[in-house]
Amino acid sequence: MATPDLVLTTAQPQQSWRQRLAEKKLPWIPIVVLLVLLVCAAFAPWLAPHEPTSLNVINSKLAPFESSEHPLGTDVLGRDMMSRLIYGARTTVQISVTALALGAIIGTVVGLVSGYWGGWADAVLMRITDAALGFPTILLALVVVVIMDPGPLAIILAVLLTVWARFARMIRGDVLTVKGYDFVTLARITGVKSPIILWRHIFPNVANTLMVITSLMVGQIILLEAALSFLGLGLSPGAPAWGIMVAEGQEVILDVWWLSLFPGVAITVVVLAFNFFGDWLRDFLDPKLRRAG
Amino acid sequence: MTGYIGRRLIEGIITLIALSFVVFGSVHLAGDPARFLLPISAEHDETVYEEQKARLGLDKPFIVQYWNFLRRAVILDFGNSFTERRPVQEILKERIPATVHLAVAGMILAVGIGVPLGIISAVKRDTLLDRICKAFAIFGMAVPQFWIAIMLIILFAGYWGWLPAYGRGDTQGWIPEWSQIPNMFRHLMLPASVLALAIIAAIMRLARSAMLEVLDTDYVKFAQVKGMGDRVVIWKHAARNALIPVITFGGISLAGLLNGSVVVEVVFAWPGVGLMLLDGVLSNNYPQVLGAIMVSGAAYILTALVVDILYGYADPRVRLN
């Protein structure tokens, strides 16, 4: 349904990477947001003014800007909101990057194998992919938690189970196209072994698609991770994760509204930034994919 | 056509059986309900444990246990809930109507808002209105459902006090009494809006791009050239054709909503199947988990099946594929 037109255009003069970058302006706002996120994640212990889990009941429920020591206020147990938000960035990045990397690797391998060899392997793999795509993500995650008990591993596995299939589907489509190109046929005729063809000739040509899907998936993964944390299926209660912080704030929303507000804003801003960046990357790397989105 | 329906039916049944196998297998791997159910006084008493196991049928081989589960699942018998000490079937009977009400209300809102907005932003392309709609769609897809739900509760239930913050009110079962209807709608307002938000964005974009495509066709241009009024051309000639993909998407989203409402049900303490499932998962209440997942999965598969079949009627190309 959403397959892009695969008609080959006549050869265009190759623009250099730099030229194209100069033509298409970089999306500065998303890039800055993402840099802030990554810096917070990497240097959380140095950036955070307080320990994210240290309790201080005397200073509990401080409103934002009420005390210079706690710029974003404190929660019910007197934990510093700003420090928890910074550590939350770390949790988000760790879980999303792990799940995304694993999902991308598994999905790419499945997509390459399925698209290149075809036949019964393709039929079986695509059936499994369909099943994974067709099943609602939260239900799938709950099944995982039934087996594994709540924890970061359960969340990673749950996210992974839903993510890999999207990669597999898109990569397979691309492989089917690339497979038909002359250089692949020539490589095969000259007796190059299949694994080498896959790695040296086909993979480099689907790498753009891979990058685009990855950047477009990040936002969804962060949302899913946050939702699972919110439901209490991830890290233990009290841990600094944005989803958990929203859940903690929910119990006292009517008098301490900022507890739920800030982590939610953080999630929304980060997801927006990733979505915008992904859109930009798609236009930059592969204008063909534009219609597929 | 009958061949197509038959093929899709068989596929649906196979998916359902695969689902039941995976879910039952997961629960089987997850832990030992017999030990879980032992009274604390007899925790280390192996004979009591063996008796318990035999009584629950857990001493039999896995495949026999699975067969027994499957046989009873067909008539929606999942045993007794550990925590509530009554049949899961009874709980399901109370919970299913709540989830269906919420999903249908969310769907009606999403289609009712998303389709007109999509069509208008296609017709008024690149105007301020189109941009606002686009911004709304981008926002709708980036904001976490659970968070926007809490923010709406803070505003509408806490600060302004217009709407109830949680629960389903006095409504029970499928059909409320006349006097309860206002109360039912007041309780549905917030959760249904949250549920609708994410789909509105998708429906809007879909309706917009389908509409743009149709507006470019010869028959629409011909109608315009003939001198027909804009309103007739847009709503009668163009929109009707643009809506086919939207309707399909709507059907599939409804299937998703029947399950995807877990988060919304939790935030609003809505007594539906999703909340029942999460409670079951967090308390190792296996019969309740099995019942809730099987019903949700079956609802999903069946809805998708019905949508597919209807789509096959509407568009012959689908069934010939």
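Chains A and B, in that order, give the protein sequences.
The opening residue of the first sequence carries number 16 in my numbering; numbering runs sequentially from there.
The opening residue of the second sequence carries number 1318 in my numbering; numbering runs sequentially from there.
Virtual Cβ for every residue (Gly too), placed ideally from N, Cα, C.
Computed from a predicted structure; not experimentally measured.
Determine the DSSP secondary structure at residue 1558 of chain B, reduced to helix, strand or coil. Secondary structure of residue 1558 of chain B (DSSP, three-state): helix.
Buried or exposed, going by whether 16 or more other CB atoms sit within 10 Å of the CB of residue 1361 of chain B? Around the CB of residue 1361 of chain B, fewer than 16 other CB atoms lie within 10 Å, so the residue is classed as exposed.
CA nearest to the CA of residue 1499 of chain B, picked from B:1477, B:1476 and B:1481: Nearest option by C-alpha distance: B:1481.
Contact criterion: CB-CB distance below 8 Å. Does residue 1459 of chain B meet it with respect to chain A? Yes, because at least one Cβ of chain A sits closer than 8 Å to the Cβ of residue 1459 of chain B.
What's the C-alpha gap between residue 202 of chain A and residue 237 of chain A? Residue 202 of chain A and residue 237 of chain A: Cα-Cα distance of roughly 41 Å.
For a test of the three-state rule: what should DSSP assign to residue 1510 of chain B, helix, strand or coil? DSSP places residue 1510 of chain B in helix when its eight states are reduced to three.
Is the beta carbon of residue 161 of chain A closer than 8 Å to that of residue 1623 of chain B? For the 8 Å CB-CB criterion, residue 1623 of chain B and residue 161 of chain A do not form a contact.
Hey, how far is the Cα of residue 231 of chain A from the Cα of residue 103 of chain A? A straight-line Cα-Cα distance of about 21 Å links residue 231 of chain A and residue 103 of chain A.
For chain A, is any of its Cβ atoms less than 8 Å away from the one on residue 1343 of chain B? Yes, contact with chain A.
Would you mind sorting residue 18 of chain A into buried or exposed? The rule is 16 or more other CB atoms within 10 Å of its CB. Reliability fails at residue 18 of chain A, whose pLDDT of 45 lies under 50, so the model's placement of it is uncertain and no value is given.
Given residue 132 of chain A as reference, the closest of A:171, A:190 and A:276 once Cα atoms are compared: Checking every option, the nearest Cα to that of residue 132 of chain A belongs to A:190.
Please give the ranges of any alpha helix (DSSP H) in the segment 170-219 of chain A, keeping only runs that are unbroken, at least 4 residues long and fully inside the region. If we require 4 residues or more, the alpha helix (DSSP H) runs fully inside the segment 170-219 of chain A come out as 197-204.
Is there a Cβ of chain A sitting closer than 8 Å to that of residue 1334 of chain B, yes or no? In terms of beta-carbon proximity, residue 1334 of chain B stays away from the interface with chain A, with every pair separated by 8 Å or more.
Give, in chain order, every residue of the segment 227-257 of chain A whose Cβ lies closer than 7 Å to some Cβ of chain B. So the close ones are 234, 238, 241, 242, 245, 246 and 247.
Spatial neighbours of residue 155 of chain A in its chain, beta-carbon cut-off 7 Å, leaving aside the 5 residues before and after: Residues 173, 176 and 177 of the same chain have their beta carbon placed closer than 7 Å to that of residue 155 of chain A, with the five preceding and five following residues left out of the count.
May I ask you to report which of helix, strand or coil DSSP gives residue 1418 of chain B? Helix at residue 1418 of chain B.
Residue 140 of chain A at chain B interface by Cβ criterion, 8 Å: Not one chain B Cβ lies under 8 Å of residue 140 of chain A.
Using 8 Å as the Cβ pair cut-off and three pairs as the minimum, do the segment 217-224 of chain A and the segment 34-45 of chain A touch? No contact exists between the segment 217-224 of chain A and the segment 34-45 of chain A.
For residue 282 of chain A, which residues in chain B fall below 7 Å Cβ to Cβ? Annotation: Cβ neighbours of residue 282 of chain A in chain B (cutoff 7 Å, chain order): 1461 and 1464.
Quick check: what's the CA-CA separation for residue 1485 of chain B versus residue 1511 of chain B? A straight line joining the alpha-carbon of residue 1485 of chain B with that of residue 1511 of chain B spans about 15 Å.
If you reduce the DSSP assignment to three classes, tell me which class residue 1376 of chain B lands in. Reduced to three states, the DSSP call for residue 1376 of chain B is coil.
Which of helix, strand or coil DSSP assigns to residue 85 of chain A: Of the three classes helix, strand and coil, the one that applies to residue 85 of chain A here is strand, per DSSP.
For residue 1622 of chain B, name the three-state secondary structure that DSSP assigns. In the three-state reduction of the DSSP assignment, residue 1622 of chain B falls in the helix class.
Please list the partners that residue 1568 of chain B has in chain A, where partner means a Cβ-to-Cβ separation under 9 Å. By Cβ distance, chain A contributes nothing, its closest Cβ being about 14 Å from residue 1568 of chain B, past 9 Å.
So for residue 1327 of chain B, helix, strand or coil by DSSP? In the structure shown, residue 1327 of chain B sits in a helix (DSSP, three-state: H, G or I).
Compare the C-beta of residue 1617 of chain B against all C-beta atoms of chain A and say whether one is closer than 8 Å. At least one chain A Cβ lies under 8 Å of residue 1617 of chain B.
Taking 8 Å as the CB-CB cut-off, is residue 1347 of chain B touching chain A? The beta-carbon of residue 1347 of chain B is placed less than 8 Å from the nearest beta-carbon of chain A.
Could you give the uninterrupted runs of the alpha helix (DSSP H) lying entirely in the segment 121-164 of chain A, keeping only those of 4 residues or more? When DSSP assignments are scanned along the segment 121-164 of chain A, the uninterrupted stretches of alpha helix (DSSP H) that are 4 or more residues long and fall wholly within it turn out to be 134-149 and 152-163.
Using a C-beta to C-beta distance shorter than 7 Å, which residues of chain A count as neighbours of residue 1613 of chain B? What residue 1613 of chain B touches in chain A: 154.
Which full runs of the alpha helix (DSSP H) of 4+ residues lie inside the segment 1512-1544 of chain B, going along the chain? If we require 4 residues or more, the alpha helix (DSSP H) runs fully inside the segment 1512-1544 of chain B come out as 1535-1542.
In terms of residues, what are the limits of the alpha helix (DSSP H) holding residue 1357 of chain B? For residue 1357 of chain B, no alpha helix (DSSP H) run applies, since DSSP gives it neither H nor E.
Quick check: what's the CA-CA separation for residue 1342 of chain B versus residue 240 of chain A? So the alpha carbons of these two residues sit roughly 25 Å apart.
Mind listing which residues of the segment 1583-1601 of chain B have their C-beta closer than 9 Å to chain A's C-betas, in chain order? Shown in chain order are the members of the segment 1583-1601 of chain B whose Cβ falls below 9 Å from a Cβ of chain A: 1583, 1584, 1591, 1594, 1595, 1597, 1598, 1599 and 1601.
Would residue 1330 of chain B pass as an interface residue toward chain A - the criterion being a Cβ-Cβ separation below 8 Å? Interface criterion not met: the Cβ of residue 1330 of chain B is under 8 Å from no Cβ in chain A.
In three-state terms, what does DSSP make of residue 1433 of chain B? In this structure, residue 1433 of chain B counts as helix in the three-state DSSP scheme.
May I ask which residues mark the beginning and end of the alpha helix (DSSP H) holding residue 1495 of chain B? First-last for residue 1495 of chain B: undefined, no H or E at that position.
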